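**Q**
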Amino acid sequence: MRSDDREYVAAVINFFWQGLAQPHSVNENAAKVMYEALTEAQSCTASIDLVPRPTYTPSINYIIKKIAKIGQRIMSGDTSLYNMCRDQVAANYKTHIRAALWGL
Numbered sequence: 003m004r005s006d007d008r009e010y011v012a013a014v015i016n017f018f019w020q021g022l023a024q025p026h027s028v029n030e031n032a033a034k035v036m037y038e039a040l041t042e043a044q045s046c047t048a049s050i051d052l053v054p055r056p057t058y059t060p061s062i063n064y065i066i067k068k069i070a071k072i073g074q075r076i077m078s079g080d081t082s083l084y085n086m087c088r089d090q091v092a093a094n095y096k097t098h099i100r101a102a103l104w105g106l
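Just so you know, the sequence shown maps onto residues 3 to 106 in the numbering used here.
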């Protein structure tokens with residue numbers, strides 16, 4: 003994973019869990035967990051632009067590319083997601099994302 007991708011994925015993780023991720027701690031497993039969390043957020047919110055949903059099983063490269071784009075938007079201030087959805091996803095995935103960041 004490229005360093006700028008790690009930075010953007012960390013930004014998405016930190017959008018849900020303030021200060022949890024540093025770019026150096028981001029790995030592919032964390033990106034996968036974040037993708038699942040964002041997919042759940044999509045079903046909660048009307049913001050189709052924030053989280054794309056492919057009709058096939060996405061590759062890790064697709065996941066990283068999409069999460070990185072979302073991270074870029076979040077870092078630029080575009081957070082088109084309901085707070086109640088973000089909070090629910092944050093509660094549901096906190097243990098999973100911590101384990102992923104620890105490499106478990």
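Heads up, the beta-carbon is just placed ideally off N, CA and C, and yes, glycines get one too. Every value quoted in this text rests on a predicted model; they were computed, and no experiment measured them.
Indicate whether the contact test is met: 3 or more Cβ pairs, each with one atom in the segment 9–22 and one in the segment 30–48, closer than 8 Å.
**A** Result yes; three or more Cβ-Cβ pairs closer than 8 Å.
**Q** Any idea if Leu106 is buried or exposed, counting beta-carbon neighbours within 10 angstroms, 16 or more meaning buried?
**A** Leu106 is exposed by the Cβ-count criterion.
**Q** Quick one: using the 10 Å Cβ neighbour count with 16 as the cut-off for buried, is Tyr10 buried or exposed?
**A** Tyr10 is buried by the Cβ-count criterion.
**Q** Give me the residue from Lys96, Trp104, Ala43, Gly21 with the minimum Cα distance to Ile107.
**A** Examination of residue 107 is not possible in this model, given that the chain is present from 3 through 106 alone.
**Q** With 16 other CB atoms within 10 Å as the buried threshold, where does Ile62 fall?
**A** Under this definition Ile62 is an exposed residue.
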